[in-house]
Amino acid sequence: MNDLLAAARAAMAHAYAPYSRFSVGAALRLTDGAIVTGANFENASYGLSLCAETVALATANSAGRLGDVVELAVIGGRQTDAGLADAGIVTPCGRCRQIINEAAQLGGCDLPIHCASIAGALATYPLSALLPHAFGPANLGDIA
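What follows is the structure, encoded as structure tokens:
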């Protein structure tokens, strides 16, 4: 897990967050041990911004690996003139939880999500604890 958290922290350095000044990095572990990362990417039209978790999952998807995600780590902090300031443990937003759920259902697992603070605090949750009663591909029956 330490390598996954380190990858998320490294990805956070590439966040483009001039509006919220809140940098987030995410890292996914795939079934073969490969790690895919993402950083948040904001836009002046706020609704078009992308969260780090979404960027990482889209990257895995573009490589044909969306169903291979077995673990996720996320970390974030506030940008200040002195560097990043601790904001406590960062968890995926609601939108990201739904997108993570899609990958989890494709892979047939209850993804562990490691949520960290830049100060070193850590909490791990199964996706089902962060998004109980989730709607996903399984709910669509034969359509999915």
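For the sequence shown, the numbering used here assigns the number 24 to the initial residue and increments by one for each residue that follows. Glycine included, each C-beta is placed from N, C-alpha and C at the ideal position.
Work out the CA separation of I112 and G100 for me, nearest whole Å.
-> For the purposes of this step, residue 100 is taken as the residue at position 77 of the sequence shown. For the purposes of this step, residue 112 is taken as the residue at position 89 of the sequence shown. Within the model, the alpha-carbon separation for G100 versus I112 is close to 9 angstroms.
Quickly, what does DSSP pair P149 with across the bridge? List them, please.
-> Taking the sequence shown and counting its residues from 1, one reaches residue 149 at position 126. DSSP output for P149 lists P135 as bridge partner(s).
Take S11 as the anchor and find which of A67, L53, V97 has the nearest alpha-carbon.
-> In the structure as shown, the chain starts at 24 and stops at 167, and residue 11 therefore has no counterpart that could be examined.
When the Cβ atoms of the segment 62-80 are set against those of the segment 44-53, are three or more pairs found closer than 8 angstroms?
-> The segment 62-80 makes contact with the segment 44-53, as at least three CB pairs between them are under 8 angstroms.
Name the DSSP beta bridge partners of V21, please?
-> Residue 21 lies beyond the residue range present for the chain, which begins at 24 and ends at 167; the question has no answer from this structure.
Can you give the Cα-Cα distance for L73 and I122, rounded to whole angstroms?
-> By 1-based counting over the sequence shown, the position of residue 73 is 50. By 1-based counting over the sequence shown, the position of residue 122 is 99. Taking the straight line joining both Cα atoms gives about 12 angstroms.
Top-ranked residue by Cα proximity to E125, from H37, G61, D109, L89 | Position 102 of the sequence shown holds residue 125. In this structure, L89 is the residue among H37, G61, D109, L89 with its C-alpha nearest to the C-alpha of E125.
Straight-line gap, G164 to A86 (C-alpha atoms, nearest Å) = On the sequence shown, residue 164 is found 141 positions in, with the first residue counted as 1. On the sequence shown, residue 86 is found 63 positions in, with the first residue counted as 1. Each residue's Cα considered, the two are about 26 angstroms apart.
Specify, as a first and last residue, the run of the alpha helix (DSSP H) that T82 falls within.
-> As a first step, residue 82 must be located in the sequence shown, where it is residue number 59. That run of the alpha helix (DSSP H) goes 75-85.
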